Amino acid sequence: MKRTALVTGGTRGIGAGISKALSRAGYSVAANYRSGDANAEKFQNETGIRVFSWDVSDYESCEKGVARVCEALGGPIDVLVNNAGVTRDCMLHKMSRENWTKVIETNLNSVFNMCRSVILSMREKNFGRIVNISSVNGLKGQLGQSNYSAAKAGIIGFTKALALESASKGITVNAIAPGYVSTDMTDAIREDVRENILKGIPVGRFGQVEEIADAVLFLADEKSSFITGTVLSINGGQYL
Ligand code: NDP
Numbered sequence: 077m078k079r080t081a082l083v084t085g086g087t088r089g090i091g092a093g094i095s096k097a098l099s100r101a102g103y104s105v106a107a108n109y110r111s112g113d114a115n116a117e118k119f120q121n122e123t124g125i126r127v128f129s130w131d132v133s134d135y136e137s138c139e140k141g142v143a144r145v146c147e148a149l150g151g152p153i154d155v156l157v158n159n160a161g162v163t164r165d166c167m168l169h170k171m172s173r174e175n176w177t178k179v180i181e182t183n184l185n186s187v188f189n190m191c192r193s194v195i196l197s198m199r200e201k202n203f204g205r206i207v208n209i210s211s212v213n214g215l216k217g218q219l220g221q222s223n224y225s226a227a228k229a230g231i232i233g234f235t236k237a238l239a240l241e242s243a244s245k246g247i248t249v250n251a252i253a254p255g256y257v258s259t260d261m262t263d264a265i266r267e268d269v270r271e272n273i274l275k276g277i278p279v280g281r282f283g284q285v286e287e288i289a290d291a292v293l294f295l296a297d298e299k300s301s302f303i304t305g306t307v308l309s310i311n312g313g314q315y316l
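Below, the structure is given as C-alpha cells:
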C-alpha cells in the first residue's frame, strides 16, 4: 500500500517541489493551496498530483480538507508537510494589527490546525511523519519581519513539543529552516535588498526548491525514525 502525503501550499514554489519529489518517490500525494485555482489546475494537469483548496488558517476548513484528502487518497495521512506561508513585511512601528494577525494565523496557527487534524489517526496507526517549514529568519530574526520571525520561531517550539508527545507513537516531527530559496516569495524582494542578502550567503546564491524537497524526502522516509524534534538548516552556510 502506497504511503499518503499531504503538502500545504503544495502547488507553487517550495511546496510544489516537495509535492513533486514525494510523488516521484512513490507517495500518493495531495497538494493543498488557497486561491490560485488556475495555477493549481495547471499543476494538477502537468503532474497528475491531486489539488485541494482550503485556507489553512481556518481550523474547520483544515478538518474538512483533511477528510476530503483522506477519502480521495483512500486512507489517512502518513506524511504531513506544513509548508503554506505568507509574508507581510513591515517595520513594527508601522505594522497594522491585520498584517500581524494574517502572518501568525497563516504561518503558525495553520500548523496547529493541520497537525490537530491528522495526529489522532497517526497515533492510532503508530506511524507518522510531520515536517514543518520554518525559516532562517525564525532562528535569527529579520528586520521588517517581526510577524514572520515570530511565527517561524513558534513553529520550532511547536515542533519540539509535539515531537516529545509523539515519540512513543512512531511519529516523528521535525522542522526545516530554509535560507533564501528562489520562488515567487523571494522574486518579490527589491533588487537592491536581494543584492545585499546575496552578500550574506557564503555559497553565493539562493537555494533551489529541489534542495529543500530532498531534505523533506529524507525526513519522511521510514528509515528516519530516530530523527525527531530537530531543526535542519538549509541556507548556503549563513551564520546564525
Ligand atoms: P510561495 O509564495 O511561492 O507559495 C506559498 C504557497 O502557500 C502557495 O501555494 C499558496 O497558495 C499557499 N498558501 C498561502 N496562504 C495559504 C492559506 N491561507 N491556505 C492554504 N495555502 C496557502 O512561497 P514559498 O514557496 O517561497 O514558501 C513556502 C514556505 O517556505 C513558506 O512557509 C515560507 O515561509 C517558507 N520559506 C520560504 C523561503 C524562501 O526563500 N522562499 C525561505 C524560508 C522559508 P496559493 O497558490 O493559492 O496562493
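For any residue, its number in the working numbering is found by taking its place in the sequence shown, counting from 1, and adding 76. C-beta: ideal position from N, C-alpha, C; glycine also. Please read these numbers as outputs of a predicted model, since none were measured by experiment.
Asked: Nearest-angstrom Cα separation, counted from Trp130 out to Asp113; Found: 11 Å
Asked: Every unbroken beta strand (DSSP E) within the region 136 to 218, with a cutoff of 3 residues, ordered by chain; Found: 155 to 158, 204 to 209
Asked: Near ligand 1: Asp260 beta-carbon under 7 Å from a heavy atom; Found: yes
Asked: Distance between Gly151 and Asn311 (C-alpha atoms, nearest Å); Found: 35 Å
Asked: For Thr87, the residue or residues it bridges with in DSSP; Found: Bridge partners of Thr87: none, in fact.
Asked: Given Gly204 as reference, the closest of Leu98, Ala106, Asp297, Ala101 once Cα atoms are compared; Found: Asp297
Asked: First and last residue of the uninterrupted beta strand (DSSP E) at Phe128; Found: 126 to 129
Asked: Contact test: Thr87 Cβ vs ligand 1 heavy atom, cutoff 7 Å; Found: yes
Asked: Own chain residues within Cβ distance below 7 Å of Thr306, not counting five before or after; Found: Asn250
Asked: heavy atom of ligand 1 below 7 Å from Ala237 C-beta; Found: no
Asked: Alpha-carbon to alpha-carbon, Cys138 and Arg144; Found: 10 Å
Asked: Secondary structure, beta strand (DSSP E): runs of 3+ residues fully inside the region 227 to 265; Found: 247 to 254
Asked: Cβ-heavy atom distance, Tyr256 to ligand 1, below 7 Å; Found: yes
Asked: Ligand 1 heavy atom lying under 7 Å from the CB of Asn185; Found: no
Asked: Candidates Val279, Leu98, Arg266, Val142, of which the one nearest Arg79 by Cα; Found: Leu98
Asked: DSSP-derived helix/strand/coil call for Ala101; Found: coil
Asked: Contact belief for Val212 with Pro254 at Cβ below 8 Å, rounded distance in angstroms; Found: 7 Å
Asked: Chain B within 8 Å of Glu174, Cβ atoms only; Found: The structure shown contains no chain B, having only a single protein chain.
Asked: Any 3 or more C-beta pairs closer than 8 Å across the region 267 to 277 and the region 221 to 235; Found: no
Asked: Backbone CA spacing between Ile90 and Lys201 [nearest angstrom]; Found: 29 Å
Asked: One or two residues paired with Tyr109 in a DSSP bridge; Found: Ser129
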